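Quick note on numbering: the numbering used here labels position 220 of the sequence shown as 732, and the sequence is numbered without any gaps.
Where a beta carbon is used, it is the ideal one built from N, C-alpha and C, also for glycine.
Nothing here was measured: the structure is a model prediction, and the numbers come from that model.
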Amino acid sequence: DEEEQRTVALFEKCSASVVHINTYTQQAGLRGALGLHFDLQEIPAGTGSGFLWDRQHIVTNFHVIKDADRATVILADGTSCEAVLVGADSDCDLAVLKVQTPVGRDLVPLDRGRSNNLRVGQKVYAIGNPFGLDQTLTNGIVSGLGREMRGDTGRTIRNLVQTNAAINPGNSGGPLLDARGRLIGVNTMIASPSGAFAGVGFAIPVDAVARVVQQLIKWGHTKYAYLGVAVAPDNLTLKLSSQLIRHNLLPLEGVLVISVEPGSPADKAGLQATVRTRGGLLLGDEILSVGGKNIACAEHLMDVVEEHPIGETVEVKFRRRSREEGVPEEVRVVKVHLAERPGSLTHEVSTSGMSPGGCVRGPNAVSFAEQDRSRL
C-alpha cells in the first residue's frame, strides 16, 4: 500500500546517512618467550550508531565514545573509516566525529527538521544498529514531549522527546526521523527495569542538537555563560531551611551561595559567600531570580544562566541576611554581566594526528575527559 511504499522509500533514502560506530580501548598485556614484556593490546569497547551531519562530520552520543582510545565508522556500504574526535558535551550526551571522505564516495547528510513544532501522536522512525545489527529500522509515534532524564554525568537532560519506536543497545546516537525522513532527534536512552526496550525511549530534540553541534564543530567544545558561584546542594538547603524555621527565621526560598569565584561576574557584582565561623555559619546571599525567572534549585540556576548568551547583562535578585543583630534582611537586585565559563573542556591538541597505537586525535581535537560543569 501507499504507506508501506513511503516507509520503504524513507529507509532507502535515509539509511545511507546512518553509520555504525565501533570503539576500542587499550590494555596492557604480557608477551615474549625469553622474558616478560609489557605490550598494549587493543580490545573492542562497544558499538553505537551515528549519522552524517554534513559531508565530513558525524554526530553520535557522548556515551558511545566515552573512555574510548580509538573509534572506527562503518558507512552504509560497509566502508570503514578512522574517526577523529572533534568535540563532545557530556552533559548533553552529544559528540562530533570527523572522517575523511573515501575516494569516489559522496557522503550525504540527513535533512534536518525542527523539534519545536512536534506534537504527540506524530509518526517517527529510528534507524540504527541495535545489538550490532546494521541498518535496522523501527517505527512508532511521539509519545510525549518535554521529558527529563538524568544522564551519565548526573546532570538532568531536559526537553527530551519520548517515543515508543524500539530503541535498544546499539541504537544510541542514531537518528529519530519524522514521516518525511527529516532529523528531529538523536536517540539517547531508554527507561527500562531490565535494560531491554520496554516501549519508552528518549531522543535529544534536533533544535538542541543543532545548537550544541555547531559549537563543537566551531570551537571543539561548548561555550556557556556563568555567574561564578558555587551553591548549596538541594539537600543541604532543606536542612538549613529547617534550622531557620526552628529559630523563627525565614526559610531559604532560592539557592544559597556557598562560594564566589574571584574575578567572576558574581564577584564583580558584589555577591557574598557563606562563611564558616567558630559560632556557626554566616549565610551568604540567597539567589531568588535571574533575568526575571525565579530560581527553584541549584540545577535550575545553571539552566537559567545557560539560557543567556555570553556577554549579556542580567538582573539577579537575591536576599542578603543580616550578619548583625537588629539589622533586617533585605532583598536586592544587581546587574551582572555574564562571562564565558572557563575550563569547559580539557584540550589536547595533537600535531601528528593519529599515532600508532595511540588515541584518535587531530588538530583542534579534544580529550574524552569529563567536563567540569560544577561552576555556575
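According to the Cβ coordinates, are residue i and residue j closer than 7 Å?
i: leucine 619; j: arginine 567; result: yes
i: glycine 599; j: leucine 728; result: yes
i: alanine 851; j: proline 774; result: no
i: serine 684; j: valine 576; result: yes
i: leucine 795; j: arginine 831; result: no
i: tyrosine 736; j: glutamate 818; result: yes
i: aspartate 719; j: serine 627; result: yes
i: asparagine 676; j: glycine 658; result: no
i: alanine 710; j: valine 767; result: no
i: valine 826; j: valine 848; result: yes
i: valine 787; j: valine 741; result: no
i: asparagine 671; j: leucine 688; result: no
i: leucine 764; j: serine 753; result: yes
What is the DSSP secondary structure of residue i, reduced to helix, strand or coil?
i: isoleucine 570; result: strand
i: lysine 578; result: coil
i: asparagine 641; result: coil
i: arginine 723; result: helix
i: valine 718; result: helix
i: isoleucine 757; result: helix
i: lysine 847; result: strand
i: valine 611; result: coil
i: leucine 795; result: coil
i: serine 529; result: helix
i: glutamate 819; result: coil
i: leucine 587; result: coil
i: asparagine 628; result: coil
i: valine 826; result: strand
i: aspartate 601; result: strand
i: proline 774; result: coil
i: glutamate 841; result: coil
i: valine 654; result: strand
i: isoleucine 729; result: helix
i: glutamate 515; result: helix
i: lysine 635; result: strand
i: valine 620; result: coil
i: alanine 808; result: coil
Considering only the alpha carbon of each residue, which of the options lies closest to residue i?
i: serine 520; options: Ile639, Cys604, Leu645; result: Reading the sequence as shown, one finds valine at residue 520 and not serine. Considering only alpha carbons, the answer is Ile639.
i: lysine 649; options: Asp589, Asp623, Leu522; result: The sequence shown places leucine at residue 649, rather than the lysine named in the question. Here the closest residue by C-alpha is Leu522.
i: glycine 697; options: Val772, Arg844, Gly562; result: Gly562
i: isoleucine 488; options: Asp601, Val828, Gly796, Thr572; result: Outside the shown range of the chain (513 to 888) lies residue 488, about which nothing can therefore be said.
i: methionine 661; options: Ala715, Phe643, Val611; result: Ala715
i: arginine 694; options: Glu515, Glu516, Gln517, Ser529; result: Ser529
i: tryptophan 565; options: Val712, Ser771, Val721, Leu752; result: Val721
i: proline 717; options: Gly740, Lys525, Val654; result: Val654
i: leucine 559; options: Asn680, Lys730, Asp601, Arg518; result: Per the sequence shown, the amino acid found at residue 559 is threonine instead of leucine. Nearest option by C-alpha distance: Asn680.
i: glycine 590; options: Ile702, Ser527, Pro621; result: Ser527
i: tyrosine 738; options: Ala744, Pro614, Pro821; result: Pro821
i: glutamine 977; options: His569, Leu762, Thr789; result: Residue 977 cannot be examined here, being either before or after the span of the chain that is shown, 513 to 888.
Got a sec? Which residues, its chain only, sit under 6 Å from residue i by beta carbon, not counting five neighbours each side?
i: histidine 532; result: Ile586, Asn641, Asp646
i: valine 861; result: In this prediction, valine 861 scores a pLDDT of 25, lower than 50, which makes its location untrustworthy; no coordinate-derived value is stated.
i: asparagine 534; result: Thr559, Thr584
i: glycine 713; result: Thr675, Ile679, Ile702
i: aspartate 623; result: Arg694
i: serine 592; result: Thr584, Ile586
i: valine 845; result: Glu827, Lys829
i: aspartate 579; result: none
i: alanine 691; result: Lys635
Go through its chain and collect everything with a Cβ distance to residue i's Cβ below 7 Å, but skip five positions before and after it.
i: valine 725; result: Trp565, Val571, Leu606, Val608
i: proline 621; result: Ser529, Leu564, Trp565, Asp566, Arg567
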